[in-house]
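Enquirer: For the sequence shown, this note's numbering assigns the number 54 to the initial residue and increments by one for each residue that follows.
C-beta atoms are modelled at their ideal positions from N, C-alpha and C, and glycine is treated no differently.
A quick note: this is a predicted structure, and the numbers were derived from the prediction, not measured.
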Amino acid sequence: IGHFASYQVELDKDSLVAESVDRVLDSLTEENSGLLAWLTDNVLEQIEQGGRYNMDANLLEMAKRLKSPQRQTAIEQNGVDPELLSSKDNLLAIRERCREIRTAFKESLQNSAKQAVDVMESVGVHPDESYRKFLSNLYDYVEIDEQEGIEPPKDTFFARAADHEQWFTKAKAKTLLPLVYPYLEAPLNDFCDLWGREYAVYNTAKILDDQLYGLGVASELSRTFQELMKEKNVLCIDDSNALLRDIIDGSDAPFVYEKLGVRFEHFLLDEFQDTSEVQWRNFSPLLKNSESQGGENLIVGDVKQSIYRWRGSDWKLLDETVPAEFDGYKETVLDTNYRSLSNIIGFNNDFFNAAAKALDALDGNTDDGPMARIYADVSQKVAQNDKPGGSVAFTFCNADDELEHVLRSVHKAQGAGAQLSDIAILVRSNATGESVASYLIENGIDVITDDSLKVKNALTVRRLVSLMSNVDNPDDTVSGFLAEMMDVDVPDSGASLIDMTESLLRSIQAGEDDSWKGELLHIQSFMDNIQDYVSKNGNSLRGFLKYWEGENPSISSPSSGESVRVMTIHKSKGLDFPYVIIPFTENISLFKADNHWCRPDIRGTHLEDVADGIYDVKLSKSTENSLFAEDYQKENFLQRVDNINTLYVAMTRAALGMHIIAKTPSADCRKAVEEGRLPDFKDFSQILYWYVSGLSFSGVRTGADEDSQWFEIGDIVDF
């Protein structure tokens, strides 16, 4: 594999990427004038367009995207040569073609709009005299400032433009319509036609043009990254699956599996819904070899719990690929829930079935839509029929009041006999978890979170780093003041990094402040980080201090302790808790615009002969009007699957009781619910509101306070 036998596996890919970017920037000299000129042109163009540009930050972000597994997968699936795509000559040709397309579209739009306006004005008809002045929109396109973006008129414009009987009101049509019809029809049709395929090509050219400078440093970043790994004698862990795949190379009984194949006859793959495509290609020869020798293999997984697509997992492997590849495939559905009480199981059975159908309905699908098929086996039987039903509660309130309702829910559970350790609060992100934990701590509730055990949060660690900064830079007056105040003997800077840190630590421990005794785990973790750094990067104090600025390590949380657990939904997967609180459910959206590596459908366009490749595109609603429309539609569906699965994981963790807290939906959503219409859902809190507002079975209690609306099913059982 090109390394010495003593190579190490690097877990922190981002640190290698950051160092690669630093080296690329350090290489910007006259000897590397081509890259320097390329980046300089980029900066100047950004400034001319009135934007701000941070070269370090932009390059680092691009470098991380270039080294992402998603890009590597896209390259392999599309058979694209990344070196050819990122060559300066190729990118210059793409940029020239993109700007030709943008200019041509702008001029065509201006000309067609002007021709339509001229037809009306030549006969004394002003566009403002049209029905609701809709033709006056043409003036917006007679002169265009492209920097502000070119957006199409509203849909009503096209509907009225296509029917000449809708150009004017009935009162004006008798006198004005004969003056402009049929003369206005052709230029108006030309104007409307531009917003189809030509507008999609224009938008695609704009998307490509905006990222070509970043792609222009791809080869330099990739080369520097590889050189850095060779120099450090490390292998990035993200490359291990691809390396194994290359060794296997499609063979039926690869050498790397020979010993395993002889020793083991049967295999079990657990949590298979989180498997990636490249991992499956490494696993499948093993399973096929076992099958050919009469072995039995077990794959365990649940498509509804696939929530790691951002890390490469592909639920379609379980849903489609495995059944297609193995003739002897048999499926068994485990349909009994041994974790939760009946009210929780019953609610989840009914809600997720309804939610899946509602999501399909948004796309015009029937009950047999793709989401409904995924959740077809959602219903589970109750194993604990001899126990009370448990509780499911919902609170919809102002976003500012959600933390207060979390606190009330904790107190309510305690009133039913729950210990703090019986309660888990599941959140969508670490940032939300921090705000929940801080609020509970301020109100006297003990909390344990992964973030509460960040190594940098320890006072002793912060003091050590400050004292180390004083050793590195004696002129640092702040660190010097700390050393003087603590009466610490600052060692000679010539000592080894580990010895120097241990000396500083002994000086701190010898002082009157014994707060360090409660931070032993943090101190040990910090010393481990220094040891790891020295073993890989040498004995540079300044280098370590720079490295530490970008690090934020954690200590694993203990599983016991009389405290409320606050964790992300992703970390709760596979766990269960007696009582679960899920606040800020509005943060589980249906779709969020994000960057993805995509290949545009440029066949039959002016981009076809120069721009075939994969590009880093921010897929959003606007990309529907581009040649990336298919990628947007696919991503939109996959995100809906990701997010309903995220909610499913959260709502199936509770054993005895569950309380969901969310922001009150918008007025439009509430109005649609009141009128019995399906709202245009934006997030899953709205879907929950739509569903619980229509609950009609017995045992449901509803009510409203001054600032909230609530629904309850069953009661919190006696813990």
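(1) According to DSSP, is Gln-775 part of a helix, a strand, or is it coil?
(2) Could you tell me the distance, in whole angstroms, from the CA atom of Ile-14 to the CA atom of Asp-420?
(3) Kindly indicate which residue of Asn-335, Leu-268, Lys-207, Leu-517 has the alpha-carbon position closest to the one of Arg-298.
(4) Could you give the C-beta distance for Phe-57 and Asn-286, rounded to a whole number, given that I count them as a contact under 8 Å?
(5) Give me, in chain order, the residues of the same chain whose beta-carbon lies closer than 8 Å to that of Ser-161; leave out the 5 immediate sequence neighbours on both sides.
(6) I want to know whether the region 409-416 touches the region 584-600 - three or more CB-CB distances under 8 Å.
(7) Can you tell me which residues form a DSSP beta bridge with Val-514?
(8) Starting from Phe-772, trace the alpha helix (DSSP H) in both directions and tell me its first and last residue.
(9) Return the chain-ordered ranges of every alpha helix (DSSP H) run that is complete within the region 216-296 and spans a minimum of 4 residues.
(10) Tell me whether Ser-345 is buried or exposed, calling it buried when 16 or more other Cβ atoms sit within 10 Å of its Cβ.
(11) Do Ala-436 and Thr-389 come within 8 Å of each other at the CB atom, strictly closer than that value?
(12) Please name the residue in Trp-743, Asp-665, Asn-592, Thr-705 whose C-alpha comes closest to that of Asn-396.
(13) To the nearest angstrom, how far is it from the Cα of Arg-213 to the Cα of Leu-241?
(14) Hey, how far is the Cα of Glu-565 from the Cα of Ile-769?
(15) Based on the DSSP secondary-structure assignment, which residues constitute the bridge partners of Ser-444?
(16) Could you check whether Ile-697 and Ala-409 sit closer than 8 Å to each other, using their CB atoms as the reference points?
(17) DSSP puts Asn-648 in a beta bridge; with which residues?
(18) Quick one: is Thr-699 buried, meaning 16 or more other Cβ sit within 10 Å of its Cβ, or exposed?
(19) In chain order, what residues of the same chain have a beta carbon less than 8 Å from the beta carbon of Glu-677, not counting five sequence neighbours either side?
(20) Measuring alpha carbon to alpha carbon, tell me which of Gly-657, Ala-715, Ser-568, Gly-627 ends up nearest Glu-639.
(21) DSSP beta-bridge partners for Glu-63?
(22) State buried or exposed for Arg-316, treating a residue as buried only when at least 16 other CB atoms are found within 10 Å of its CB.
(23) Helix, strand or coil for Met-539 per DSSP?
(24) With respect to the alpha helix (DSSP H) encompassing Arg-334, which residues constitute its N-terminal and C-terminal limits?
(25) Look at Val-375 and Gln-326 and say whether their C-beta atoms are less than 8 Å apart.
(26) CB-CB under 7 Å to Tyr-428, same chain, minus the five flanking residues each way: which ones, in chain order?
(27) Ignore the nearest five residues each way along the sequence and tell me which others in Pro-423's own chain have a CB closer than 8 Å to its CB.
(28) Quick test of your reading: Leu-517 and Phe-579, contact by CB under 8 Å. State the CB separation rounded to the nearest angstrom.
(29) Can you say whether Ala-116 is buried or exposed, counting buried as having 16 or more other CB atoms within 10 angstroms of its CB?
(30) Quick check: the region 136-145 against the region 203-212, are there 3 or more CB pairs under 8 Å?
(31) Quick one: which unbroken alpha helix (DSSP H) runs of 4-plus residues sit fully inside the region 157-215? Chain order, please.
(32) Using CA atoms only, rank isn't needed, just tell me which of Ala-664, Glu-199, Arg-656, Trp-650 is closest to Lys-671.
(33) In this structure, does DSSP put Arg-618 in helix, strand or coil?
(34) In whole angstroms, what separates the C-alpha of Ser-588 from that of Val-514?
(35) Give me the DSSP bridge partner(s) of Ser-607.
(36) Identify every residue that forms a DSSP beta bridge with Leu-321.
Expert: Here's the rundown:
(1) What is shown of the chain runs 54 to 772, which leaves residue 775 out entirely.
(2) What is shown of the chain runs 54 to 772, which leaves residue 14 out entirely.
(3) If you number the sequence shown from 1, residue 298 lands on position 245. Checked all of Asn-335, Leu-268, Lys-207, Leu-517; the closest Cα to Arg-298 is Asn-335.
(4) In the sequence shown, the residue the question calls residue 57 occupies position 4. In the sequence shown, the residue the question calls residue 286 occupies position 233. With a Cβ gap of about 6 Å, Phe-57 and Asn-286 count as contacting.
(5) Taking the first residue of the sequence shown as position 1, residue 161 is located at position 108. Hits under 8 Å: Leu-247, Glu-251.
(6) The count of Cβ pairs closer than 8 Å, one atom from the region 409-416 and one from the region 584-600, stays below three, leaving the stretches out of contact.
(7) As a working mapping, residue 514 is identified with position 461 in the sequence shown. Its beta-bridge partners do not exist; DSSP assigns none.
(8) Position 719 of the sequence shown holds residue 772. Phe-772 -> no alpha helix (DSSP H), and no H or E assigned at all.
(9) With a minimum length of 4 residues, the unbroken runs of alpha helix (DSSP H) contained wholly in the region 216-296 fall at 223-233, 238-246, 250-262, 265-268, 271-285.
(10) Here the question's residue 345 lines up with position 292 in the sequence shown. Exposed, since its Cβ has fewer than 16 Cβ neighbours within 10 Å.
(11) For the purposes of this step, residue 389 is identified with residue 336 of the sequence shown, where counting begins at 1. For the purposes of this step, residue 436 is identified with residue 383 of the sequence shown, where counting begins at 1. Less than 8 Å separates the beta-carbon of Thr-389 from that of Ala-436.
(12) Residue numbering aside, residue 396 sits at position 343 when the sequence shown is read from its first letter. Residue Thr-705 is the option with its Cα nearest to Asn-396.
(13) The residue given as residue 213 occupies position 160 in the sequence shown. The residue given as residue 241 occupies position 188 in the sequence shown. Whole-angstrom Cα-Cα distance: 11 Å.
(14) For the purposes of this step, residue 565 is taken as the residue at position 512 of the sequence shown. For the purposes of this step, residue 769 is taken as the residue at position 716 of the sequence shown. About 49 Å.
(15) Position 391 of the sequence shown holds residue 444. Under DSSP, Ser-444 forms a beta bridge with Gly-710, Gly-767.
(16) Position 356 of the sequence shown holds residue 409. Position 644 of the sequence shown holds residue 697. The beta carbons of Ala-409 and Ile-697 sit closer together than 8 Å.
(17) As a first step, residue 648 is located in the sequence shown; it is residue number 595 there, counting from the start. Answer by DSSP bridge pairing, in chain order: Lys-671.
(18) In the sequence shown, counting from the first residue as 1, residue 699 sits at position 646. That one is buried.
(19) In the sequence shown, counting from the first residue as 1, residue 677 sits at position 624. So the list reads Tyr-685, Gln-686, once near-sequence residues are dropped.
(20) Walking along the sequence shown from the start, residue 639 turns up at place 586. Distances from the alpha-carbon of Glu-639 to those of Gly-657, Ala-715, Ser-568, Gly-627 put Ala-715 closest.
(21) In the sequence shown, the residue the question calls residue 63 occupies position 10. Glu-63 is bridged to Cys-289.
(22) Residue 316 sits at position 263 when you count from the first residue of the sequence shown. Around the beta-carbon of Arg-316, fewer than 16 other beta-carbon atoms lie within 10 Å, marking it exposed.
(23) Counted from its first residue, the sequence shown places residue 539 at position 486. DSSP, reduced to helix, strand and coil, places Met-539 outside both helices and strands of the structure shown, so it counts as coil.
(24) Residue mapping note: residue 334 aligns to position 281 of the sequence shown, counting from 1. Arg-334 -> alpha helix (DSSP H) spans 330-345.
(25) In the sequence shown, the residue the question calls residue 375 occupies position 322. In the sequence shown, the residue the question calls residue 326 occupies position 273. In this structure, Val-375 keeps its C-beta atom at 8 Å or more from the C-beta atom of Gln-326.
(26) If you number the sequence shown from 1, residue 428 lands on position 375. Lys-357, Phe-405, Asn-406, Ala-409, listed in sequence order.
(27) As a first step, residue 423 must be located in the sequence shown, where it is residue number 370. Excluding sequence neighbours, Pro-423 sits near Asp-413, Phe-690.
(28) Here residue 517 refers to the residue found at position 464 when the sequence shown is read from its first residue. Here residue 579 refers to the residue found at position 526 when the sequence shown is read from its first residue. Indeed, because the Cβ distance is near 7 Å, the residues count as touching under 8 Å.
(29) The residue labelled residue 116 in the question sits at position 63 within the sequence shown. Under the 10 Å beta carbon count, Ala-116 is surrounded by 16 or more other beta carbons and is classified as buried.
(30) The region 136-145 vs the region 203-212: no contact.
(31) The region 157-215 contains these whole alpha helix (DSSP H) runs: 192-195, 208-214.
(32) The count along the sequence shown starts at 1 and reaches residue 671 at position 618. Comparing Cα-Cα distances from Lys-671 to each of Ala-664, Glu-199, Arg-656, Trp-650, the minimum goes to Trp-650.
(33) Along the sequence shown, one-based indexing puts residue 618 at 565. Three-state result, Arg-618: strand.
(34) Stepping through the sequence shown from its first residue, residue 588 is reached at position 535. Stepping through the sequence shown from its first residue, residue 514 is reached at position 461. Whole-angstrom Cα-Cα distance: 20 Å.
(35) Counting from one through the sequence shown, the residue named residue 607 turns up at place 554. Note: Ser-607 sits in a beta bridge opposite Lys-507.
(36) Residue numbering aside, residue 321 sits at position 268 when the sequence shown is read from its first letter. DSSP output for Leu-321 lists Leu-351 as bridge partner(s).
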